[in-house]
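Numbering (my numbering), first residue to last: 2 to 191.
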């Protein structure tokens with residue numbers, strides 16, 4: 002069971018059918034999760050220096066459904082009629098606060114595509130609720146981050162610290178592997 006809050010009602014689409022008030026009800030979402038993979042975006046928030054080199058990595062601290070403290074990344078579903086950029090921005094703002102000022106990438110090409118399965122061992126990534134496909138991005142953040150929703154805090158770490166075994170063990174669903182891949186994609190670890 003996820004502790005995430007429901008997604009907000011999307012803005013009306015310019016043409017075509019209008020989305021319902023809650024996109025999918027909890028019952029509809031549960032049914033869809035049993036039948037189809039869902040599309041997600043994930044973001045690794047980073048601080049960069051004047052040369053664009055990653056100096057710090059932001060990792061969220063949350064309490065899971067059974068009260069255990071876990072670490073995770075910014076993530077969430079892409080809603081019907083929403084672009085990847087819009088979804089990425091919405092989840093960054095939802096998790097980090099409106100003053101985070103994320104610098105979205107000029108290209109919507111992710112550094113990785115992570116496939117989450119409800120059964121362990123298929124890939125390094127698991128999600129006991131569903132089969133999900135996630136497009137993952139490294140996103141520089143320039144503002145003040147004040148976690149919202151179910152995030153308890155955002156911890157800024159040096160890249161080497163963020164990929165340490167102790168932090169990787171605390172990351173939910175195999176996201177420690179994704180974090181290592183993110184930092185490798187920007188040349189911060191081998």
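We put the beta carbon where it would ideally sit given N, CA and C, even for glycine.
Beta strand (DSSP E) containing residue 155: first to last residue?
-> Where residue 155 is concerned, the enclosing beta strand (DSSP E) stretches over 152–158.
So, using beta-carbon positions, are residue 60 and residue 160 closer together than 8 Å?
-> Between residue 60 and residue 160, the C-beta gap is not smaller than 8 Å, which leaves the two residues out of contact.
For residue 134, which of helix, strand or coil comes out of DSSP?
-> It is a strand residue.
What are the boundary residues of the alpha helix (DSSP H) that includes residue 170?
-> Counting along the chain, the alpha helix (DSSP H) containing residue 170 begins and ends at 166–171.
Do you know whose CA, among 91, 130, 110, 119, lies nearest residue 101's CA?
-> Cα-wise, what sits closest to residue 101 is 91.
Beta-bridge pairing of residue 81 - partner residues as DSSP gives them = In DSSP, residue 81 forms no bridge with anything.
Between which two residues does the alpha helix (DSSP H) carrying residue 31 extend?
-> For residue 31, the enclosing alpha helix (DSSP H) has its first and last residue at 27–36.
For residue 173, collect the residues of the same chain with a Cβ closer than 6 Å to its Cβ; drop the 5 residues on either side in sequence, then sort them by chain order.
-> These residues qualify, in order along the chain: 71, 73.
Report, in whole angstroms, the separation of the C-beta atoms of residue 75 and residue 88, which I expect to be a contact under 8 Å.
-> Between residue 75 and residue 88 the beta-carbon gap is near 11 Å, outside 8 Å, which marks them as no contact.
Rounded to whole angstroms, how far is the Cβ of residue 55 from the Cβ of residue 184, which I believe are closer than 8 Å?
-> Taking 8 Å as the upper bound for CB-CB distance, residue 55 and residue 184 are in contact here, some 7 Å apart.
Given residue 177 as reference, the closest of 29, 164, 189, 187 once Cα atoms are compared = Sorting 29, 164, 189, 187 by C-alpha distance to the C-alpha of residue 177 places 164 at the top.
List the endpoints of the continuous alpha helix (DSSP H) containing residue 178.
-> It spans 176–186 - the alpha helix (DSSP H) in which residue 178 sits, taken as one unbroken run.
Smallest Cα separation from residue 132: which of 25, 36, 26, 27?
-> Minimum Cα distance to residue 132 is reached at 36.
Helix, strand or coil for residue 118, going by three-state DSSP, please let me know.
-> If DSSP states are grouped into helix, strand and coil, residue 118 belongs with the strands.
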